[in-house]
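Participant: Numbering (the working numbering), first residue to last: 683 to 844.
Structure (structure tokens):
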């Protein structure tokens, strides 16, 4: 795994992201955010672009992550990458057998379906830091994928089922 910006041992940030683009639109059908950055361009030759849409009723959060060639200096062969969704410690995760989806249960019994396309879904340990800076063990959804030199697209969806 690699961060888009170097983090020094003293916690300060080093070289990484230079250019960021951001656009947000609102309509009666929901909200949409499009963002991109060049934090992986120098090391891997890729730009990262993400589009996130929230439905007007709040039941769907859809996203697409695009790994785009930055220039002709990109590496030959496939480049592995991961998309991570860190979840609150109270969320229970039940992955599906196909490796593409999971059911998320909130403490009050609400169910959310998570589904991805363009990668394989894994559940990994994580850490949640609360508002007072206290860490708690938690889990994260991780989409594992590979990008050929021409780029890759991964789409995902959180849908409130109950």
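C-beta atoms are modelled at their ideal positions from N, C-alpha and C, and glycine is treated no differently.
This one's a predicted model, so the numbers in the text were calculated from it and none came from an experiment.
Kindly indicate the opening and closing residues of the alpha helix (DSSP H) around residue 724.
Facilitator: 723-726 is the extent of the alpha helix (DSSP H) around residue 724.
Participant: Does chain C have any CB closer than 8 Å to the CB of residue 737?
Facilitator: Any reference to chain C falls outside this structure, which holds one protein chain only.
Participant: So which of 702, 726, 723 and 724 has the shortest CA-CA distance to residue 717?
Facilitator: Per the Cα distances, 702.
Participant: Which ranges would you report for the alpha helix (DSSP H) in the stretch 735-804 if only whole runs of at least 4 residues count?
Facilitator: Complete alpha helix (DSSP H) runs here, min 4: none at all.
Participant: Locate the beta strand (DSSP E) running through residue 714, then write down its first and last residues.
Facilitator: Counting along the chain, the beta strand (DSSP E) containing residue 714 begins and ends at 712-719.
Participant: Does residue 792 pass the burial test, meaning 16 or more other C-beta atoms within 10 Å, or should it be called exposed?
Facilitator: Exposed.
Participant: Do you know whose CA, among 795, 810 and 731, lies nearest residue 777's CA?
Facilitator: When only C-alpha atoms are compared, the closest one is 795.
Participant: Put residue 831 into one of helix, strand or coil per three-state DSSP.
Facilitator: Three-state result, residue 831: coil.
Participant: Grouping DSSP H, G and I as helix and E and B as strand, with all else coil, what is residue 821?
Facilitator: Residue state, collapsed to three classes: strand.
Participant: Quick check on residue 823: buried or exposed, where buried means 16 or more other Cβ atoms within 10 Å of its Cβ?
Facilitator: The residue in question, residue 823, is buried, as its Cβ has 16 or more Cβ neighbours within 10 Å.
Participant: How many Å lie between residue 726 and residue 735 at the Cα?
Facilitator: The alpha-carbon atoms of residue 726 and residue 735 are separated by roughly 27 Å.
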